[in-house]
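> Pasting in a structure now, in structure tokens, and then I'll have a few things to ask.
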Amino acid sequence: MHIVVCVKQVPDTKIIKINPKTNTLDRKSAPAILNPFDAHAVQEAVKIKRLTGGTVSVLSMGPPQAVDVIKESVEIGADRGYLISDRAFAGADTLATSYALSKAMEKIGKEIPVDMVICGKHAIDGDTGQVGPGLARRLDVPPVTNVLEVSEVNAKENTVLLKRKLTSGYELVQANLPCLLTVEKEINEVEYSALPDMIKAAKYKPVVWTVDDLVNVDRTQLGLKGSPTVVGKSFTPPKPEGGQKLQGSSKDQVKKLMEVLQDKKNLLFQSSN
Amino acid sequence: MSIVEESKGVWVFIEQNGGKIEGVSLELLGAGRKLADKLQVPLAGMLLGDGIKSLSSQVITYGADEVYLVDHPVLKTYRTESYMKSAFHLIKKFKPEILLYGATSNGKDLASALATDLATGLTADTTHLDIDLENRLLEASRPAFGGNIMATILCKKQRPQMATVRPKVMKELEPDTSRQGKIFEETVELKESDMRTKVLKIVNDVTNKANLADAHVIVCGGKGMGTEENFQLLYQLADVIGATVGGTRDVVEAGWLPHHMQIGQTGETVSPKIYIGVAVSGAIQHTVGMIHSDLIIAINKDPNAPIFDSAHYGLVGDAMEIVPMLIEQFKQMRNAKGGEISYA
Ligand SMILES: Cc1cc2nc3c(=O)[nH]c(=O)nc-3n(C[C@H](O)[C@H](O)[C@H](O)COP(=O)(O)OP(=O)(O)OC[C@H]3O[C@@H](n4cnc5c(N)ncnc54)[C@H](O)[C@@H]3O)c2cc1C
Ligand SMILES: Nc1ncnc2c1ncn2[C@@H]1O[C@H](COP(=O)(O)O)[C@@H](O)[C@H]1O
Chain A
1 MHIVVCVKQV
11 PDTKIIKINP
21 KTNTLDRKSA
31 PAILNPFDAH
41 AVQEAVKIKR
51 LTGGTVSVLS
61 MGPPQAVDVI
71 KESVEIGADR
81 GYLISDRAFA
91 GADTLATSYA
101 LSKAMEKIGK
111 EIPVDMVICG
121 KHAIDGDTGQ
131 VGPGLARRLD
141 VPPVTNVLEV
151 SEVNAKENTV
161 LLKRKLTSGY
171 ELVQANLPCL
181 LTVEKEINEV
191 EYSALPDMIK
201 AAKYKPVVWT
211 VDDLVNVDRT
221 QLGLKGSPTV
231 VGKSFTPPKP
241 EGGQKLQGSS
251 KDQVKKLMEV
261 LQDKKNLLFQ
271 SSN
Chain B
1 MSIVEESKGV
11 WVFIEQNGGK
21 IEGVSLELLG
31 AGRKLADKLQ
41 VPLAGMLLGD
51 GIKSLSSQVI
61 TYGADEVYLV
71 DHPVLKTYRT
81 ESYMKSAFHL
91 IKKFKPEILL
101 YGATSNGKDL
111 ASALATDLAT
121 GLTADTTHLD
131 IDLENRLLEA
141 SRPAFGGNIM
151 ATILCKKQRP
161 QMATVRPKVM
171 KELEPDTSRQ
181 GKIFEETVEL
191 KESDMRTKVL
201 KIVNDVTNKA
211 NLADAHVIVC
221 GGKGMGTEEN
231 FQLLYQLADV
241 IGATVGGTRD
251 VVEAGWLPHH
261 MQIGQTGETV
271 SPKIYIGVAV
281 SGAIQHTVGM
291 IHSDLIIAIN
301 KDPNAPIFDS
311 AHYGLVGDAM
321 EIVPMLIEQF
331 KQMRNAKGGE
341 ISYA
């Protein structure tokens with residue numbers, strides 16, 4: 001089995017803070033990390049490989065620093081890494097991203113044919129979850145999104161059995177290989193490797209391709225040019241009418257709040273009889 | 001004629017599961033009605049499934065002028081490829097200018113796949129929709145990454161303009177059984193043997209579902225509670241007033257609450273009668289999920305916390321001091337009323 005996992009470098013939104021005065025994000029404060037969902041995606045690929053044998057590759061599109069997330073993926077157990085990095089890719093929305101990734105995937109597939117692609121459910125910065133299914137369409141493989149569990153890999157029949165999260169509950173889906181999965185966090189616990197492997201991972205040098213290394217690329221479909229969505233204006237949501245801060249000591253404020261609530265008789269505190 | 005000039009009408013993907021239309025689809029008919037009226041074009045439902053023709057009347061009752069449908073046994077359960085193929089056929093033939101989907105597992109899946117084949121723009125998880133009438137453009141807004149602001153996303157050159165919309169944000173219309181509509185049924189060639197996925201079983205798991213969505217009163221805790229132990233105080237408050245406890249993403253990431261109790265852009269959207277946010281900073285990714293609550297009360301020790309911009313009433317102070325006082329006051333009130341607190 002050759003499994004390719006798509007991994008994205010994102011700013012750590014847990015640490016990143018918004019300055020309440022300027023309403024902007026303090027980007028400098030934000031370390032770049034491997035998108036948490038993608039860490040689970042790599043882990044799942046490694047788990048499958050333990051059962052079936054084969055190769056786990058990771059693919060990322062991003063600036064040169066994105067090699068870090070490839071190294072982190074190798075730490076989790078990936079065997080190879082590919083980074084596509086070029087100004088031509090910059091400013092891509094999900095449509096242009098899936099196009100660029102599909103072109104890299106075609107080239108990877110020429111080296112070793114790809115049996116399965118795994119993406120995260122979404123990236124925590126843009127948060128769209130649109131790249132996975134889009135990539136599946138471009139590669140002409142069936143997508144199965146929101147996967148909670150890979151229950152069975154049947155290499156003989158070339159099928160996988162998956163548990164897919166629904167709005168209320170889940171479904172069991174059988175998919176033919178090759179296919180593309182997007183995974184939820186519940187799918188596994190990420191295990192990082194032991195120290196010797198970590199050192200190996202830190203030294204790992206991924207393959208880096210620019211747009212010229214990819215074959216049959218329609219440049220009008222890349223980056224900003226290839227992105228049909230544009231960001232228009234931005235605005236602050238309207239404040240609720242009559243919003244106010246209560247004044248005084250904690251005790252006074254609590255008292256005032258109770259009065260307000262007492263007044264809203266239609267809202268609460270009718271006795272239950 | 002260009003694709004932009006050619007495309008007319010507002011469509012809503014009607015998501016049905018086992019012959020029952022999802023709530024979010026009805027909400028989107030309500031939202032779509034407004035957009036269609038502004039543009040002076042018809043509103044249509046796109047209905048796909050097996051034996052679902054009879055659902056057309058409900059779609060019309062809830063605001064649609066037209067229903068475009070494909071009824072086929074292969075569409076019995078949702079699968080990306082069969083639904084995609086059917087939707088693609090309808091869209092190519094009838095050319096809507098706008099197409100909205102609920103931001104559910106299946107809605108997002110279908111929209112993402114279709115956007116690729118149609119080479120058009122798709123905005124994810126929008127919470128606000130409007131029309132720029134001058135340019136006849138859909139303004140689909142969502143919390144921007146990088147600031148407490150909303151960003152409006154446009155798709156100028158491709159059609160249809162597509163967006164997935166968070167459940168419980170838009171309001172459905174009062175059903176009107178006297179409404180009349182036109183039904184267009186299309187046949188699409190689908191073969192089970194061509195399908196590369198099979199749904200073997202669907203398990204409905206209602207017990208594990210957040211009851212946040214149905215709660216009348218919510219006490220929402222933020223990371224400012226400090227420790228998991230302090231967070232327990234909120235359960236005491238909730239207990240006295242009959243509320244459900246939810247939290248911010250930071251709280252969920254700290255492991256104090258399961259994910260299905262998270263409120264916000266990547267959690268649940270709630271609209272209770274009363275929302276009490278305790279030690280919640282009020283990031284936009286959080287407030288989009290609670291801003292439709294009838295009464296919003298915020299407790300935060302920082303007078304500049306953005307949550308106060310979203311609150312009807314704000315209490316500035318230490319939660320560890322204020323919450324016990326509130327518990328005490330509510331207890332007294334409850335006793336005075338002789339029993340439980342109920343909500344109108
Ligand atoms: C793509 C994306 C999606 C996101 N989705 C969500 C989502 O769905 N839901 C969500 O909630 N967040 C979401 N977030 C995260 C969001 O941006 C905020 O980081 C998060 O909501 C902050 O959580 P918090 O208010 O609990 O913590 P903090 O921002 O750390 O705020 C803690 C607050 O507590 C106050 N405080 C501290 N001590 C006390 C005390 N003793 N008494 C009173 N007040 C006190 C502080 O003044 C502060 O305002 C998302 C972010 C991104 C980038
Ligand atoms: N630039 C990228 N490089 C590699 N993979 C990506 C990239 N952007 C998105 N992905 C993959 O697509 C998933 C969903 O991303 P998104 O649609 O942006 O939420 C991520 O979890 C990744 O697996």
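Taken in sequence, the protein lines are chains A and B. Taking our numbering, the leading residue of the first sequence gets 1, the next gets one more, and so forth. Taking our numbering, the leading residue of the second sequence gets 1, the next gets one more, and so forth. Positions of the beta carbon are idealized from the N, C-alpha and C atoms, including for glycine.
Determine the extent of the alpha helix (DSSP H) in which M150 of chain B is found, giving its start and end residues.
Unbroken run through M150 of chain B is the beta strand (DSSP E), M150 to C155; no alpha helix (DSSP H).
> Could you compute how far the alpha carbon of T244 of chain B sits from the alpha carbon of I327 of chain B?
15 Å
> Taking 8 Å as the cut-off, does the segment 3-10 of chain A touch the segment 47-66 of chain A (at least 3 CB pairs, one atom from each stretch)?
yes
> Please confirm if K251 of chain A has its CB atom under 8 Å from at least one CB of chain B.
It does: the Cβ of K251 of chain A has a partner Cβ on chain B nearer than 8 Å.
> Beta carbon of K223 of chain B: closer than 7 Å to some heavy atom of ligand 1?
yes
> Could you have a look at L162 of chain A and say whether DSSP puts it in helix, strand or coil?
Note: L162 of chain A maps to strand in three-state DSSP.
> If the cut is a Cβ gap below 7 Å, which residues of chain A does A144 of chain B touch?
S234
> So, is D318 of chain B buried or exposed, given that buried needs 16 or more other C-beta atoms within 10 angstroms?
exposed
> Using a cut-off of 7 Å between C-beta atoms, extract the partners of N204 of chain B located in chain A.
By Cβ distance, chain A contributes S168 and G169.
> State buried or exposed for E75 of chain A, treating a residue as buried only when at least 16 other CB atoms are found within 10 Å of its CB.
Counting the other Cβ atoms within 10 Å of the Cβ of E75 of chain A gives 16 or more, which makes it buried.
> According to DSSP, simplified to helix, strand and coil, what is Y83 of chain B?
helix
> Measuring only the C-alpha atoms, how far is G242 of chain A from Y313 of chain B?
Rounded to the nearest angstrom, the two C-alpha atoms are 9 Å apart.
> I'd like to know whether the C-beta of K47 of chain A is nearer than 8 Å to at least one C-beta of chain E.
The structure shown has no chain E; the protein chains it does contain are A and B.
> Using C-beta distances below 8 Å, list every residue in its chain close to D263 of chain A, excluding the 5 sequence neighbours before and after it, in chain order.
none
> Under the three-state reduction of DSSP, which class applies to F235 of chain A: helix, strand or coil?
Here F235 of chain A sits in strand by DSSP.
> Name, please, each residue of chain B whose Cβ falls closer than 8 Å to the Cβ of Q130 of chain A.
K108, A111, S112, A115, L122 and A124
> For P228 of chain A and chain B, any beta-carbon pair shorter than 8 Å?
yes
> Can a CB atom of chain A be found closer than 8 Å to the CB of R136 of chain B?
Not flagged as an interface residue toward chain A: R136 of chain B, since no C-beta distance is shorter than 8 Å.
> Could you tell me whether any non-hydrogen atom of ligand 1 is closer than 7 Å to the CB of G289 of chain B?
yes
> What residues in its chain sit with their C-beta under 8 Å from that of S7 of chain B, if we drop five residues either side in the sequence?
K95, P96, E97, R159 and P160
> Please confirm whether any heavy atom of ligand 2 lies closer than 7 Å to the CB of D127 of chain A.
yes
> Would you say the segment 106-120 of chain B touches the segment 63-76 of chain B, given that touching needs at least three Cβ pairs under 8 Å?
no
> Run the proximity test for I263 of chain B: is its beta-carbon closer than 7 Å to any non-hydrogen atom belonging to ligand 1?
yes
> Could you spell out the range, first to last residue, of the beta strand (DSSP E) harbouring I131 of chain B?
From DSSP, the beta strand (DSSP E) with I131 of chain B extends over H128 to D132.
> Between which two residues does the beta strand (DSSP E) containing L138 of chain B stretch?
L137 to P143
> Using only the heavy atoms of ligand 1, determine whether one of them is closer than 7 Å to the beta carbon of N300 of chain B.
When distances are taken from the beta-carbon of N300 of chain B to the heavy atoms of ligand 1, the shortest one is below 7 Å.
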